Amino acid sequence: MTAMDSRELRNALGAFATGVTIVTTLDHSGRHATSPLPVAITANSFSSVSLEPPLILWSIARNAQCFEVFERAQHFAVHILHSGQSELSSLCATRNADKFSDIDWHAGVGGIPVFDDYNTCIECTVEHRYAGGDHVIIIGRVLEFDNRQKDTHASPLLFYQGQYKSIA
2 MTAMDSRELR
12 NALGAFATGV
22 TIVTTLDHSG
32 RHATSPLPVA
42 ITANSFSSVS
52 LEPPLILWSI
62 ARNAQCFEVF
72 ERAQHFAVHI
82 LHSGQSELSS
92 LCATRNADKF
102 SDIDWHAGVG
112 GIPVFDDYNT
122 CIECTVEHRY
132 AGGDHVIIIG
142 RVLEFDNRQK
152 DTHASPLLFY
162 QGQYKSIA
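Quick note: the sequence shown uses the working numbering, first residue 2, plus one each step.
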């Protein structure tokens, strides 16, 4: 077995176009326990798992700045983005960025932050966490969802070969 070039593997996996999501939760740890802070991360590792029961999954890198917050979180929201939200996606992918300063949001299930603008939002409780190499796979049970895309017909934001794309 030859050594694998992780950059080349990443490029090869980038040949699979994915939707772009932002996952949000609340940081209830230590100094934020009495006034939890909203947390957001961009993720393209999202997939449906099951309709009965309603389950979805996403994964988070163990070296992500907010990894420990999502390791403790009991609820989270997955926002499936539309083509006009590439700047928001980039912001939420940036370490130490103030991700909630210019975004309108409200409290969802368990108080989690839910953006006011998205194609679809899925609010979940954590069902399982599984080790997945340098990531943790989080399975969520869907508690609520809002599919605005069916009404607006907004194009999804896509990620392909390291760049944002939209449907032509």
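For every residue, glycine included, the Cβ atom is placed at its ideal position computed from N, Cα and C. The structure presented is a predicted model; accordingly, all values stated were derived computationally and were not measured.
- L27 sits close to A74, with the two beta carbons spaced by under 9 Å.
- By the Cβ neighbour-count rule, S48 is exposed, with fewer than 16 other Cβ atoms within 10 Å of its own.
- Secondary structure at N148: strand, using DSSP grouped into helix, strand and coil.
- Secondary structure note for E72: its alpha helix (DSSP H) is the uninterrupted segment F68 to R73.
- Going by DSSP, S90 is part of the alpha helix (DSSP H) stretching over S87 to C93.
- Assigned with DSSP and collapsed to three states, G163 falls in coil, not helix or strand.
- In the structure shown, S7 falls within a helical segment according to DSSP collapsed to helix, strand and coil.
- With a 10 Å radius around the Cβ and a threshold of 16 neighbouring Cβ atoms, P114 comes out buried.
- Leaving aside the five residues that flank I57 on each side, the residues in its chain whose CB is nearer than 8 Å to its CB run, in chain order, F47, S48, S49, V50, V79, I123, C125, I140, G141 and V143.
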